[in-house]
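Some notes on the structure that comes next.
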Ligand code: KIV
């Protein structure tokens, strides 16, 4: 890993590192985190990290590392299930992956993503899908995409006792309509993003993801809302930051978006280990006597 200079280590202006016993990251509590803890963190001005997870073992590593919120994102489509986009992901797949992540964790709040086609028909379909993730997988909250266009779904889920994390800006389930472009550039687009942010807050969402949005606009949304904003490619001023774990740990191949910081090179580590194993097998140096039973 490259060493960071002192200047690079400086937190963004306004960042507040929580150190109290209640802090979401680094706090003392061992019970499972709830959406009420997330709301309280915004009131304290505390920043927090969120990572995606798609399986029990990876989730258990992040849980032990103290990551307070994990998203079983439909990015599982590209990062775990081998699809090209998130569009083909099904409710059966999200339920199975979410249940595994819940089983692998004891502290993190687990948020299950509602996949494309599982809530767009309307509030009743959204409630049926979200209920499945809560009852069968055991998630503590669900996430769905869309601002004003999804506010009726959010209202019914919240009325029914299911906490909702909203997701606006770039919404990858709409890739066929919007592509993968920065959202909220220009006056009208910025106004629409602010309207979307207020709509999901008014509908009762406990937090909102801002994906690929200009940093200044994300900062304005964060100042305007009383619910926390979770940024991905949205600058340094959001209340929380989320990254897709396979990007963050260098397992995803190919070109990474500018907003990804890579903290490890798992693709190289795993590839090197696989080659070493193969060479041991073909060269007869594995297994040795110490690996054998008699
Ligand atoms: O599916 C996902 O992983 C997401 C995050 C990128 C926010 O929606």
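In the numbering used here, the protein residues as written are 154 to 447.
Where is the CB? At the ideal position from N, CA and C, for every residue including glycine.
Item to complete: Starting from residue 361, follow its DSSP beta bridges and name the residues at the other end.
Response: 319 and 382
Discussion item. So if DSSP puts residue 201 in a beta bridge, which residue, or which two residues, is it bridged to?
Written reply: 393
Worksheet item: Can you name the start and end residues of the alpha helix (DSSP H) that residue 309 belongs to?
Response: For residue 309, the uninterrupted alpha helix (DSSP H) segment begins and ends at 304-312.
Discussion item. Measuring straight from C-alpha to C-alpha, what distance separates residue 441 and residue 210?
Written reply: 28 Å
Practice prompt. Determine which residues share a DSSP beta bridge with residue 266 and list them.
Written response: Partner(s): 296.
Fill in: Where the alpha helix (DSSP H) through residue 374 begins and ends
Going by DSSP, residue 374 is part of the alpha helix (DSSP H) stretching over 368-377.
Practice prompt. Could you say which of 366, 317 and 285 lies nearest to residue 224 if we only look at CA atoms?
Written response: 317
Discussion item. Could you check if residue 277 belongs to the surroundings of the ligand KIV, using beta carbon to heavy atom distance under 7 Å?
Written reply: Residue 277 has its Cβ no nearer than 7 Å to any heavy atom of the ligand KIV.
Discussion item. What I want to know is whether the C-beta of residue 322 ends up closer than 7 Å to one or more non-hydrogen atoms of the ligand KIV.
Written reply: no
Item to complete: Below 7 Å CB to CB, which residues in the same chain sit around residue 344 once its five sequence neighbours on both sides are set aside?
Response: none
Discussion item. Quick check on residue 269: buried or exposed, where buried means 16 or more other Cβ atoms within 10 Å of its Cβ?
Written reply: buried
Practice prompt. Give me the Cα-Cα distance between residue 388 and residue 444, rounded to the nearest whole angstrom.
Written response: 50 Å
Worksheet item: Using the C-alpha atoms, what's the distance from residue 391 back to residue 260?
Response: 23 Å
Discussion item. For residue 439, count the other beta carbons within 10 Å of its own beta carbon; 16 or more makes it buried, fewer makes it exposed. Which is it?
Written reply: exposed
Practice prompt. Would you tell me roughly how many angstroms separate the C-alpha atoms of residue 117 and residue 375, rounded to the nearest one?
Written response: Outside the shown range of the chain, which is 154 to 447, sits residue 117, and nothing can be said about it.
Worksheet item: Going by the beta-carbon positions, is the gap between residue 419 and residue 204 smaller than 8 Å?
Response: No, these two residues do not count as a Cβ contact at 8 Å.
Fill in: Reference residue 228, options 214, 251, 430 and 308, closest by Cα
251
Worksheet entry | Inter-stretch contact (C-beta, 8 Å, three-pair minimum) for the segment 181-190 and the segment 287-297 | yes
Discussion item. Just to confirm my understanding: we take residue 371, look at its own chain, exclude 5 residues before and 5 after, and list those with CB closer than 7 Å. What are they?
Written reply: 363, 382, 384, 387, 388, 390 and 391
Worksheet item: Measuring from the CB of residue 364, is there a heavy atom of the ligand KIV at a distance below 7 Å?
Response: yes
Practice prompt. Output the distance between the C-alpha atoms of residue 272 and residue 315, rounded to the nearest integer angstrom.
Written response: 14 Å
Worksheet entry | Cut-off 6 Å between Cβ atoms - residues of its own chain near residue 356, not counting five sequence neighbours on either side | Cβ neighbours of residue 356 beyond the five flanking positions: 304, 307 and 308.
Worksheet entry | Nearest-angstrom beta carbon gap, residue 402 and residue 426 [assumed within contact, 8 Å] | At roughly 15 Å, the Cβ-Cβ gap does not stay under 8 Å, so residue 426 and residue 402 are not in contact.
Discussion item. Under 7 Å: does the beta carbon of residue 228 sit that close to some heavy atom of the ligand FAD?
Written reply: The ligand FAD is not part of the structure shown, which contains the ligand KIV as its ligands.
Worksheet item: Is it buried or exposed for residue 320, if we count other Cβ within 10 angstroms and need 16 for buried?
Response: buried
Discussion item. Tell me which residues share the same chain as residue 409 and place their Cβ nearer than 8 Å to its Cβ, disregarding the 5 neighbours each side in the sequence.
Written reply: 400 and 415
Worksheet item: What's the C-alpha gap between residue 265 and residue 447?
Response: 47 Å
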